[in-house]
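K.L.:
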Amino acid sequence: MTECLELYRCEICGNIVQVMHKGADALVCCGKPMDKLIQHGIEEEKQEKHVPVFLNEREIQVGSEPHPMLEEHHIEFIQAVSDDKKHVYTKFLDIADEPKMKLNNDYKQAIEYCNIHGLWGSK
Ligand SMILES: [Fe+2]
């Protein structure tokens, strides 16, 4: 079964989709099953920083030191999720942006997607 808010990626075309309603475990793209993105956490951090950090109650930064924003290596999006998972807030980034997001509500957890290193979460 897919679960709400899970992310899946097509290894062929690079499509990334997010589940908005749970259902059968059979998301298909380009004729093949999509791969569920597995969230990495703080225990996997190495030299480069990916885990979203709450700078304060209204701002998130990717990494304790900001993650690079280069054409070949950058953060594609940041997403904050409320504890009850009823509120989701997503910012899509351009390479000219800082890897940060201002928040409009009270969020306690966040994820981000690096085009090279994949999905990372604060929890
Ligand atoms: Fe990265």
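Numbering (the numbering used here), first residue to last: -7 to 115.
Ideal Cβ placement from N, Cα and C applies to all residues, glycine included.
1) Between K83 and the rest of its own chain, which residues show a CB-CB distance below 7 Å, the 5 nearest in sequence each way excluded?
2) To the nearest angstrom, how far is the alpha carbon of D98 from that of K28?
3) Is the Cβ-Cβ distance between H42 and G55 less than 8 Å?
4) By alpha-carbon positions, which one of E(-5), K100 and E104 ends up nearest to N48?
5) How many angstroms separate the CA atom of I4 from the CA atom of P25?
6) Give every residue of the same chain whose Cβ lies closer than 8 Å to the Cβ of I87, excluding the five residues on either side of it in the sequence, and list them in chain order.
7) Would you mind sorting A18 into buried or exposed? The rule is 16 or more other CB atoms within 10 Å of its CB.
8) Hey, could you find the ends of the beta strand (DSSP E) I67 is sitting in?
9) Examine ligand 1 and report whether any of its heavy atoms sits within less than 7 Å of the Cβ of I108.
P.N.:
Reading from the atomic positions:
1) F69, I70 and M93
2) 27 Å
3) yes
4) K100
5) Just so you know, the alpha carbons of I4 and P25 end up roughly 10 Å apart.
6) M61, L62, E63 and H66
7) exposed
8) I67 to V73
9) yes
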